[in-house]
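Residue numbers (this note's numbering): 25 to 498. Here's the structure, in structure tokens; my notes come after.
Here it is, written out as structure tokens:
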């Protein structure tokens with residue numbers, strides 16, 4: 025039978041007209057990202073480009089952003105060009121891609137795709153008993169946009185080797201990483217042990233440490249990362265326990281992302297309030313348990329503790345979260361949550377958050393409506409701060425979604441002196457043409473602030489205007 029080559033691709037286009045923080049007037053912009061993939065037998069080739077155009081020339085660019093050749097056969101995996109790699113669950117190294125995510129830094133005022141990869145090469149071989157891999161390249165600093173020089177965007181040169189051995193449902197892995205940039209050079213080691221204790225109980229442990237480089241004696245002896253997790257799942261019950269102890273473990277310009285041990289919430293207000301890991305000095309634990317008495321009912325509780333010590337001052341972050349999801353009647357889905365947190369690093373005391381999501385389908389799921397309502401309050405500098413977010417969405421089948429979005433805040437950091445609150449109001453329309461094309465239109469004001477996705481936290485800028493997105497696959 026003849027082997028048929030496969031060609032595929034995707035494209036993201038975003039058109040905007042409106043105001044961004046710090047700009048004196050509204051302006052129009054266009055962002056576009058194109059991916060092309062070609063596969064033949066054991067080979068796969070991919071390439072992509074992105075561009076951003078505005079009336080401001082210092083923000084504009086066109087970049088052939090990534091190109092990759094991959095060979096995969098009989099345990100071998102070879103990459104040349106741009107590729108992604110993670111070592112030790114991100115403790116030593118983590119590259120990633122946030123699908124559909126765009127990063128717009130307020131310093132450079134440009135926009136680029138939200139990813140972090142390595143430009144270089146990697147070779148891996150694995151079988152049932154062991155695996156070995158090696159890689160070399162330059163890691164991307166995605167905070168710096170394509171308008172800047174290559175040496176700034178890919179300052180960290182890395183060289184890494186990993187090897188592992190499987191035995192009795194356990195895996196031992198050892199890794200080495202060398203990082204060099206204009207400021208210093210350092211080498212790190214990592215050892216990990218993972219596996220299953222029983223069909224319902226699994227674990228992962230890792231310890232990483234400084235080996236050699238330009239660090240002073242004090243830095244060298246206080247550079248390490250310890251992480252451990254224990255997971256249980258059987259029948260209707262499940263849970264996890266995690267522990268972390270990180271000291272001076274921001275590698276290079278930030279090429280690693282150690283496990284944060286902080287629950288990443290899907291609700292808008294809680295996601296914005298997520299504690300951001302400080303790998304230079306953080307230790308803590310996370311416990312989570314769930315109970316699922318039936319297919320449509322789940323109860324979850326989570327506890328997080330994180331300590332950050334700086335000289336003689338310690339910031340202790342605590343959070344307790346409870347969530348219940350259920351289905352009642354015909355086509356009615358409900359979700360409720362309540363959260364309590366102490367966040368002294370942000371100066372937020374007694375932070376209480378609560379929310380309810382109600383979704384109702386009609387006419388055999390041909391139509392539907394969903395209300396998402398969230399409320400939050402905390403104390404900061406003897407002032408009471410409240411945040412409210414509401415979203416009402418109507419849909420027709422899985423084709424058309426119409427949403428009304430509103431937020432209100434009394435936060436003095438956001439409210440002008442002459443007002444007691446600030447409001448954001450907007451609306452969106454999403455049209456799913458087919459399984460290959462979707463369009464989303466937004467109009468109004470959108471609140472920015474911190475956002476977290478797939479364990480990566482970043483800043484989103486406020487926006488007031490009109491935005492159109494087109495996602496295409498071919």
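Even glycine gets a Cβ: it sits at the ideal position worked out from N, Cα and C. All values derive from a computational prediction rather than experimental measurement.
When beta bridges are read from the DSSP output, residue 104 appears opposite 93 and 145. Take the alpha-carbon of residue 68 and the one of residue 466: they are about 37 Å apart. Contact annotation: residue 258 and residue 224 have beta-carbon atoms nearer than 8 Å. For residue 472, same chain residues with a beta-carbon under 8 Å away, outside a window of 5 residues either side, are 45, 483, 484, 485, 486 and 487 in chain order. Burial is judged here by how many other beta carbons sit within 10 angstroms of a residue's own beta carbon; residue 418 has fewer than 16 and is exposed. Short of 8 Å from the beta carbon of residue 468, and not among the five residues preceding or following it, lie these beta carbons of its own chain, in chain order: 429, 448, 449, 450, 451 and 488.
Beta-bridge partners of residue 419 (DSSP): 392 and 425. Here residue 134 is buried. Its C-beta has 16 or more other C-beta atoms within 10 Å. Counting only runs of at least 4 residues, the stretch 103 to 138 fully encloses no alpha helix (DSSP H) element at all.
Rounded to the nearest whole angstrom, the CA to CA distance from residue 338 to residue 269 is 15 Å. The beta carbon of residue 31 sits closer than 6 Å to those of 62, all from its chain and outside the five residues before and after it, given in chain order.
In terms of Cβ geometry, residue 493 and residue 464 form a close pair [threshold 8 Å].
In this structure residue 427 touches residue 415 by the C-beta definition: roughly 6 Å separates them, less than 8 Å. Between residue 279 and residue 182, the CB-CB gap stays under 8 Å. If you look at residue 174, you'll find it in the alpha helix (DSSP H) that goes 174 to 177.
In this structure, the alpha-carbon of residue 351 lies about 4 Å from that of residue 357. Taking C-beta atoms as the reference points, residue 462 and residue 495 count as a pair closer than 8 Å. Of the residues 119, 424 and 276, the one whose Cα lies closest to the Cα of residue 205 is 276. Measuring C-alpha to C-alpha distances from residue 320 to each of 200, 271 and 349 identifies 349 as the nearest.
For the pair residue 122 and residue 139, the CB atoms are nearer than the 8 Å cut-off. Rounded to the nearest angstrom, the gap between the Cα atoms of residue 119 and residue 110 is 6 Å.
Apart from the 5 residues on each side of it in sequence, residue 444 sits with its Cβ closer than 7 Å to the Cβ of 434 in its chain, given in chain order.
Three or more beta-carbon pairs separated by less than 8 Å link the stretch 298 to 313 to the stretch 329 to 348, which places the two stretches in contact. DSSP lists no bridge partner for residue 439. DSSP places residue 281 outside both helix and strand once states are collapsed to three, so it counts as coil.
Taken in chain order, the complete alpha helix (DSSP H) segments of 4 or more residues contained in the stretch 190 to 255 are 241 to 245. A direct Cα-Cα distance of roughly 38 Å separates residue 421 from residue 375. Distance from the CA atom of residue 150 to the CA atom of residue 97, rounded to whole angstroms, is 11 Å. Straight-line measurement puts the Cα of residue 272 at about 46 Å from the Cα of residue 459. With respect to the C-alpha of residue 82, the residue from 170, 60, 117 and 58 having the closest C-alpha is 170. When the Cα atoms are used, residue 296 and residue 474 turn out to be separated by approximately 5 Å. Nearest C-alpha to residue 37 among 49, 50 and 59: 59. Annotation for residue 387: no alpha helix (DSSP H) segment contains it, and DSSP assigns it neither H nor E.
Cβ atoms of residue 57 and residue 35 come within 8 Å of each other, at about 7 Å. With a contact defined as Cβ atoms closer than 8 Å, residue 328 and residue 310 qualify at about 5 Å. By the neighbour-count criterion, in which 16 or more other beta carbons inside 10 Å mark a residue as buried, residue 220 falls on the exposed side.
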